[in-house]
Every structure is written in structure tokens, then in C-alpha cells.
Amino acid sequence: AQSVTQLDSQVPVFEEAPVELRCNYSSSVSVYLFWYVQYPNQGLQLLLKYLSGSTLVKGINGFEAEFNKSQTSFHLRKPSVHISDTAEYFCAVTISGSARQLTFGSGTQLTVLP
Amino acid sequence: DTGVSQDPRHKITKRGQNVTFRCDPISEHNRLYWYRQTLGQGPEFLTYFQNEAQLEKSRLLSDRFSAERPKGSFSTLEIQRTEQGDSAMYLCASIGTSLNEKLFFGSGTQLSVL
Numbered sequence: 056a057q058s059v060t061q062l063d064s065q066v067p068v069f070e071e072a073p074v075e076l077r078c079n080y081s082s083s084v085s086v087y088l089f090w091y092v093q094y095p096n097q098g099l100q101l102l103l104k105y106l107s108g109s110t111l112v113k114g115i116n117g118f119e120a121e122f123n124k125s126q127t128s129f130h131l132r133k134p135s136v137h138i139s140d141t142a143e144y145f146c147a148v149t150i151s152g153s154a155r156q157l158t159f160g161s162g163t164q165l166t167v168l169p
Numbered sequence: 017d018t019g020v021s022q023d024p025r026h027k028i029t030k031r032g033q034n035v036t037f038r039c040d041p042i043s044e045h046n047r048l049y050w051y052r053q054t055l056g057q058g059p060e061f062l063t064y065f066q067n068e069a070q071l072e073k074s075r076l077l078s079d080r081f082s083a084e085r086p087k088g089s090f091s092t093l094e095i096q097r098t099e100q101g102d103s104a105m106y107l108c109a110s111i112g113t114s115l116n117e118k119l120f121f122g123s124g125t126q127l128s129v130l
């Protein structure tokens with residue numbers, strides 16, 4: 056079975072500063088990796104995904120993530136955050152090539168301060 | 017298309033009562049998932065349908081829980097004899113046939129068991 060660890064439950068950062076949200080996964084088989092964002096009272100929205108190919112993945116809203124197989128990590132980064140980026144961010148994993156369900160991390164609350 | 021719809025948005029019930037939630041996926045999506053999310057945690061997989069067939073159930077889905085997708089379109093999740101521990105956000109998600117497609121989430125049904 057696969058698992059996901061999000062190392063930081065809360066990340067406060069000032070507006071226009073860079074941010075990195077950390078995600079590590081565990082799996083005995085190859086995986087697909089995802090980052091989702093959840094704004095208050097809304098459903099989860101896909102930010103980006105890694106299926107194969109380039110290990111640097113660019114997503115919506117200026118976010119990007121890098122898949123590092125040796126470190127089993129998929130950290131999310133943004134060079135300059137906005138107040139509107141304040142939300143809960145979830146890293147998720149599923150087995151490559153399957154229709155199986157996603158396994159989510161416990162989430163990281165990003166709070167962007169003025 | 018308006019995305020994945022869930023009804024109701026909020027449900028308050030007394031312990032021991034039965035509740036039923038509905039999910040309307042995106043119309044051409046053949047795969048549908050139910051997740052449960054408690055405060056401070058990521059979503060946890062409950063069950064998965066491909067068309068009308070329920071292909072996988074989590075051990076989180078006790079005997080009091082039942083899900084159906086009778087015509088391969090909308091789905092219902094019923095909880096019988098609700099307990100306070102059932103209080104959570106219940107999320108529905110759908111996706112089409114291709115593994116490269118995006119999983120779309122509804123806004124969820126927030127259940128509070130008093």
C-alpha cells in the first residue's frame with residue numbers, strides 16, 4: 056500500500072515571498088503524484104500532476120512541483136505567493152496505470168500574510 | 017457542464033437516524049468515487065464505482081454504510097443508525113475513461129451527527 060506524508064501542517068508566509076510545501080510518499084510500485092488545493096467551503100481542485108516524463112511539473116496559479124524518485128518526494132513550490140493562495144493543500148498518490156483511488160496526505164494549511 | 021454536484025451541502029441529524037447523500041457526476045464520466053474528510057485530515061477513500069458496478073470498498077465502509085449507482089449515472093451514499101463519529105465531510109469525485117484525465121471533486125456534504 057502507498058502512503059503520503061506532508062511534513063508541515065501549517066505554513067505561514069508573507070505575501071510575495073517564495074514557498075515550498077513538502078510531500079514525501081511511500082510505495083513499493085511506481086506511482087502517479089498529485090497536488091490538490093481546497094479553498095474554504097469548496098471541493099478539491101487539481102493544481103498539478105506527475106504521471107511520467109519530465110520530473111518538473113508546472114501547474115495552475117504559478118505552482119510547480121518536482122518529482123524526486125530517489126528521495127521519494129514531490130514538493131510544491133511557488134516563487135511569489137499572493138493572499139489568494141491562502142488555502143489547504145493536499146498531496147496525493149495513486150498506483151501508476153491503475154484506476155485505483157487516491158491516497159491523500161493530511162494537508163498543509165498555507166496562510167499568506169500581508 | 018456544471019461539474020460534480022452533491023446534495024445536500026449540509027445535513028444535521030440525531031444519532032441513530034439514517035441519512036442519504038446524492039452525487040451527480042459529470043455526465044460522461046464513468047468512474048465515481050466517495051471519500052470522507054474529517055477536520056484536519058486529508059480525504060479518505062470509501063468506495064469506487066465504474067459505471068454501475070461497485071468495484072472497491074474501503075474497510076472504513078462499515079455495514080452501516082451502503083452506496084449505489086443504479087444506472088451508472090448519479091450515486092447515493094446511505095448511512096444507517098448514524099453515530100457521532102460519522103460526522104465529516106463526504107466528498108464525491110468523478111473521472112472519465114482515460115488515466116490522463118483529471119479527477120473532479122464536488123463541494124461535499126457536511127454531516128453533523130448530534
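Protein sequences appear in the order of chains A and C. Residue numbering for the first sequence follows this note's numbering, beginning at 56 and increasing consecutively. Residue numbering for the second sequence follows this note's numbering, beginning at 17 and increasing consecutively. Virtual Cβ for every residue (Gly too), placed ideally from N, Cα, C. In this text the structure is predicted, and so the values were computed from the model without any measurement.
Beta-carbon proximity of residue i to residue j, cut-off 9 Å
i	j	result
Phe122/A	Leu102/A	no
Leu165/A	His130/A	no
Gln126/C	Ala104/C	yes
Phe61/C	Tyr49/C	yes
Gly122/C	Val35/C	no
Ala56/A	Pro95/A	no
First through last residue of the beta strand (DSSP E) which encompasses residue i
i	result
Phe61/C	Glu60 to Gln66
Arg80/C	Unbroken run through Arg80/C: none, as it is neither H nor E.
Thr141/A	First-last for Thr141/A: undefined, no H or E at that position.
Asp63/A	First-last for Asp63/A: undefined, no H or E at that position.
Arg179/C	Outside the displayed range of chain C (17 to 130) lies residue 179/C, so it cannot be described from this structure.
Contacts of residue i in chain C (Cβ-Cβ under 7 Å)
i	result
Gln97/A	Ser123
Closer than 8 Å at the beta carbon, the chain A residues around residue i
i	result
Leu107/C	Gly98 and Leu99
Phe61/C	Gln156, Leu157 and Thr158
Beta-carbon neighbours of residue i, restricted to chain C and to distances below 8 Å
i	result
Phe118/A	Those within 8 Å of Phe118/A in chain C number zero; the least Cβ separation is about 15 Å.
Ser178/A	Nothing in the structure corresponds to residue 178/A, since chain A is present only between 56 and 169.
Partner residues on chain C for residue i, Cβ-Cβ distance less than 9 Å
i	result
Gly114/A	Here the premise fails: no neighbours, minimum Cβ distance about 11 Å.
Under 9 Å by beta carbon: chain A residues contacting residue i
i	result
Lys118/C	Leu101 and Lys104
What are the uninterrupted segments assigned as alpha helix (DSSP H) that are 4 or more residues long and contained completely in the region 91-137 of chain A, given in chain order? Along the region 91-137 of chain A, the alpha helix (DSSP H) does not occur as any fully enclosed run of 4 or more residues.
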